[in-house]
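Visitor: Numbering (our numbering), first residue to last: 4 to 606. Glycine included, each C-beta is placed from N, C-alpha and C at the ideal position. If you're wondering where the values come from, they're calculated on a predicted model, not measured in any experiment. Mind having a look at this structure? Questions to follow.
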């Protein structure tokens, strides 16, 4: 047992080995001295790891710095093993240190900048740094195999360290309202209950306990890996359409042939789709503050203040009936200021849809106005669950952090949907209950995502005039780069079909000319359609294209898919589950033994 005060005085209270008693305040003790006022202190193994703040006036170059010092207090004095400093702007301060039993050679430190630094466990130096998030890491814990990471947002990530060069987030959920202040292992559970409990403490004054072995997640993943052995699959033909209309009146579609023929061009090339999903952004002119305010204040789920949504719904219903036939019905529509989602289905498919629910996530203007945000729709077909997202992320070439914040709000939000009934619980994945986005087996993410090409406008235009322009531009596309480079990027696990069409933004209205206004915006692929599914073979993109309707400053984008919908055979599924639980018993014992070596009895 160890105590530390602000003067840097360490007291180590020793166990009574002769009589087999644990350390207590009545035990013999040793006293050590380290520098005063450490910001964070953890005991990892037999070493004391501490972080100090060095003010700008004291630091070389006049920049505020942080310094980590590692001390060995096993002898008669505190021996400095390592001292390492850095500029606060680079890594920020450290909130916590921890070790992971499956990687005993390392100690991990969580930084305010979202970085994790990796150190030699003997305290002799830092090995490297990885950035896992844009937000502050406030807590770390290593129960057995994985590293648990708590954030200032209240989210917890479980990271498979796998190899040193590529870590993988295997589970993420919102644990608290407000920062996660602490993570730890209830070591007694290893010896008294043959389990591994992890606790988290939050700024919401709650302490929660979690299964540190992640049993349900392991079983869910194994069942998903063997899904072909107990499921039958049938194809679902699906089309997804997205368009930012820039507040234009739908009557203006008649002004040019390119706009007039839009829905005929889109719908006539579909081959008897089972589902057609329309996603619109900026149906209301957000620059017209009077109109937008009326919509915010007086619109409801059933009352359309402007008549704009009603006009579009009628236009879409007429187009679907004309070009696809009478066998389609409107199964869902939803609106949020500027956003509009409309879903049509073949009647036979519509009758099979279950757990249909939608919700809104507002962003923009302090998250109350809804001029940016998303509409989310959840449903189940057979034994497959779906989530459709219509999103309008933060705009502007200089606002990438706001776009990432929007994604976190959409994908990491807890309990967005009402809890579904027990009859469909097998349709959801990862041990989820269907209340969160990523509980769904397949997620489609479409809309004006506002990711930009990170090149000057003139250079983009020059490249577009050359041969093979898209392969030259895509490495500079913000979304493409983030998916490749940022392990914490929330769309990293999503897939996008190859882009083989020009940037969809920004055009002059009723023109094929990129923006000639005073702002001269850089052409970019703002309008995108992505998907995520647990089983790669479940979704095949058949076509990904844009259309040339020129009413807006954006071009419409559409994708057609074949999605394999599963039907579970209960007898075969029960047999597969029994085999999986049997296999889990061996894995569980291995994880428990690893943890017990790290957390001996009585600790």
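(1) Taking all protein chains shown into account, decide if residue 42 is buried (16 or more other Cβ within 10 angstroms of its Cβ) or exposed.
(2) Kindly indicate which residue of 50, 566, 100 has the alpha-carbon position closest to the one of residue 385.
(3) According to DSSP, is residue 608 helix, strand or coil?
(4) Do you know whose CA, among 50, 135, 230, lies nearest residue 492's CA?
(5) For a minimum of 3 consecutive residues, which ranges assigned as the beta strand (DSSP E) are wholly contained in the stretch 428-496?
(6) CB residue 220 to CB residue 171, shorter than 8 Å?
(7) When the Cα of residue 348 is compared with those of 266, 253, 240, which residue comes out closest?
(8) Would you list, in sequence order, the uninterrupted alpha helix (DSSP H) runs of no fewer than 4 residues that lie entirely inside the stretch 498-564?
(9) By DSSP's criteria, residue 142 is part of a beta bridge. Which residues make up the other side?
(10) Going by DSSP in three states, residue 368 sits in which element: helix, strand or coil?
(11) Can the beta-carbon of residue 95 be found closer than 8 Å to that of residue 223?
(12) Let's test the definition: count the other Cβ atoms within 10 Å of the Cβ of residue 311 and tell me whether it reaches 16, buried, or not, exposed.
(13) Evaluate contact between the stretch 258-275 and the stretch 461-475, counting only Cβ atoms and requiring at least three cross-stretch pairs below 8 Å.
(14) When DSSP labels each residue in this structure, what does residue 30 get in the three-state scheme?
(15) Alpha carbon to alpha carbon, how far is residue 106 from residue 407? Give it in angstroms, no decimals.
(16) Do residue 441 and residue 414 have their CB atoms nearer than 8 Å?
(17) Looking only at C-alpha atoms, which of 376, 432, 426 sits nearest to residue 405?
(18) Touch check for the stretch 494-509 and the stretch 417-429: three-plus C-beta pairs under 8 Å?
(19) Leaving out five residues before and five after residue 8 in sequence, what residues of the same chain have Cβ atoms less than 6 Å from its Cβ?
(20) Taking 8 Å as the limit between beta carbons, can you name the residues of its chain near residue 111, skipping five residues before and five after?
(21) I think residue 518 touches residue 524, with their Cβ atoms under 8 Å apart; what is that distance to the nearest whole Å?
(22) To the nearest angstrom, how far is it from the Cα of residue 601 to the Cα of residue 90?
(23) From residue 188 to residue 160, what distance separates their C-alpha atoms?
(24) For residue 20, which residues of its own chain have a beta-carbon under 7 Å away from its beta-carbon, when the five flanking residues on both sides are left out?
(25) For residue 463, which residues of its own chain have a beta-carbon under 7 Å away from its beta-carbon, when the five flanking residues on both sides are left out?
(26) Taking the straight line between their C-alpha atoms, what separation do you get for residue 280 and residue 176?
(27) Let me make sure I understand the geometry here. Which of 196, 233, 116, 555 has the alpha-carbon closest to that of residue 573?
(28) Rounding to the nearest angstrom, what Cα-Cα distance links residue 569 and residue 337 in this structure?
(29) By the three-class DSSP mapping on this structure, what secondary structure does residue 361 have?
(30) Grouping DSSP H, G and I as helix and E and B as strand, with all else coil, what is residue 413?
(31) Just how far apart, CA to CA, sit residue 594 and residue 344?
(32) Any chance you could list the alpha helix (DSSP H) runs of at least 4 consecutive residues sitting entirely within the stretch 305-358, in chain order?
(33) Determine whether the beta carbon atoms of residue 496 and residue 535 lie at a separation below 8 Å.
(34) Among 318, 141, 361, 197, which has the Cα closest to the Cα of residue 181?
(35) Return the chain-ordered list of same chain residues with a C-beta closer than 8 Å to the C-beta of residue 58, the five sequence neighbours on each side being excluded.
(36) When the Cα of residue 37 is compared with those of 589, 401, 560, 6, which residue comes out closest?
Guide: A quick look at the data gives this:
(1) Residue numbering aside, residue 42 sits at position 39 when the chain shown is read from its first letter. With fewer than 16 Cβ atoms within 10 Å of its Cβ, residue 42 is classed as exposed.
(2) Taking the first residue of the chain shown as position 1, residue 385 is located at position 382. Nearest C-alpha to residue 385: 566.
(3) The structure shown has nothing for residue 608, since the chain only spans 4 to 606.
(4) Taking the chain shown and counting its residues from 1, one reaches residue 492 at position 489. It is 135 whose Cα lies nearest to the Cα of residue 492.
(5) Segments of the beta strand (DSSP E) lying fully in the stretch 428-496: 445-451.
(6) Start at 1 with the first residue of the chain shown, and residue 220 comes out as number 217. Start at 1 with the first residue of the chain shown, and residue 171 comes out as number 168. Taking 8 Å as the cut-off, the beta carbon of residue 220 is found no closer than this to the beta carbon of residue 171.
(7) Residue 348 sits at position 345 when you count from the first residue of the chain shown. Nearest option by C-alpha distance: 240.
(8) If only complete runs of 4 or more residues are kept, the stretch 498-564 shows no alpha helix (DSSP H) anywhere.
(9) Locating residue 142 in the chain shown gives position 139, counting from the first residue. Beta-bridge pairing links residue 142 to 153.
(10) In the chain shown, the residue the question calls residue 368 occupies position 365. Residue placement at residue 368 cannot be trusted, given a pLDDT of 49 that sits under 50; the coordinates are not used to answer.
(11) Here residue 95 is taken as the residue at index 92 of the chain shown, counted from 1. Here residue 223 is taken as the residue at index 220 of the chain shown, counted from 1. Not a contact, by the Cβ cut-off of 8 Å.
(12) For the purposes of this step, residue 311 is taken as residue 308 along the chain shown, with counting starting at 1. Burial call: buried.
(13) In short, these stretches do not touch, since the Cβ pair count stays below three.
(14) Taking the chain shown and counting its residues from 1, the one referred to as residue 30 is at position 27. Three-state DSSP puts residue 30 in coil, outside helix and strand.
(15) Position 404 of the chain shown holds residue 407. Position 103 of the chain shown holds residue 106. When rounded, the distance between both Cα atoms is 31 Å.
(16) The residue you call residue 441 lines up with position 438 of the chain shown. The residue you call residue 414 lines up with position 411 of the chain shown. It is a contact, given that the beta carbons lie within the stated cut-off.
(17) In the chain shown, counting from the first residue as 1, residue 405 sits at position 402. That would be 376, whose Cα lies nearest to the Cα of residue 405.
(18) A contact is defined here as three or more CB-CB pairs under 8 Å, and the stretch 494-509 fails this definition with respect to the stretch 417-429.
(19) Looking up residue 8 in the chain shown gives position 5. No residues qualify anywhere along the chain.
(20) Against the chain shown, residue 111 aligns to sequence position 108. Only 100, 101, 102, 103, 119, 120, 121, 122, 143, 145, 150 meet the Cβ criterion.
(21) Residue 518 sits at position 515 when you count from the first residue of the chain shown. Residue 524 sits at position 521 when you count from the first residue of the chain shown. Between residue 524 and residue 518 the Cβ distance is about 5 Å, and since that is below 8 Å, they are a contact.
(22) Residue numbering aside, residue 601 sits at position 598 when the chain shown is read from its first letter. Residue numbering aside, residue 90 sits at position 87 when the chain shown is read from its first letter. A straight line joining the alpha-carbon of residue 601 with that of residue 90 spans about 33 Å.
(23) Along the chain shown, one-based indexing puts residue 188 at 185. Along the chain shown, one-based indexing puts residue 160 at 157. Between residue 188 and residue 160, the C-alpha separation is close to 16 Å.
(24) Within the chain shown, residue 20 is the residue found at index 17, counting from 1. If we look at residue 20 and ignore the five residues flanking it on each side, it has no Cβ neighbours.
(25) Here residue 463 refers to the residue found at position 460 of the chain shown. So the list reads 456, 476, 525, 526, once near-sequence residues are dropped.
(26) The residue you call residue 280 lines up with position 277 of the chain shown. The residue you call residue 176 lines up with position 173 of the chain shown. The alpha-carbon separation between residue 280 and residue 176 amounts to approximately 28 Å.
(27) Position 570 of the chain shown, counted from the start, is the residue given in the question as residue 573. Ranking 196, 233, 116, 555 by CA distance to the CA of residue 573 puts 233 first.
(28) By one-based count along the chain shown, residue 569 stands at place 566. By one-based count along the chain shown, residue 337 stands at place 334. Cα to Cα, residue 569 sits roughly 27 Å from residue 337.
(29) If you number the chain shown from 1, residue 361 lands on position 358. Note: residue 361 maps to strand in three-state DSSP.
(30) Numbered from its first residue, the chain shown carries residue 413 at position 410. Here residue 413 sits in helix by DSSP.
(31) Reading the chain shown from its first residue, position 591 is the one you call residue 594. Reading the chain shown from its first residue, position 341 is the one you call residue 344. The C-alpha of residue 594 lies about 46 Å from the C-alpha of residue 344.
(32) Runs found: 311-327, 350-353.
(33) For this step, residue 496 is matched to residue 493 along the chain shown. For this step, residue 535 is matched to residue 532 along the chain shown. In contact: residue 496 and residue 535 (Cβ atoms closer than 8 Å).
(34) Along the chain shown, read from residue 1 onward, the residue named residue 181 stands at position 178. The shortest C-alpha separation from residue 181 is found at 141.
(35) Mapped onto the chain shown, residue 58 falls at position 55. Closer than 8 Å at the Cβ level, and outside the excluded window around residue 58, lie 67.
(36) Mapped onto the chain shown, residue 37 falls at position 34. With distances taken between Cα atoms, residue 37 lies closest to 6.
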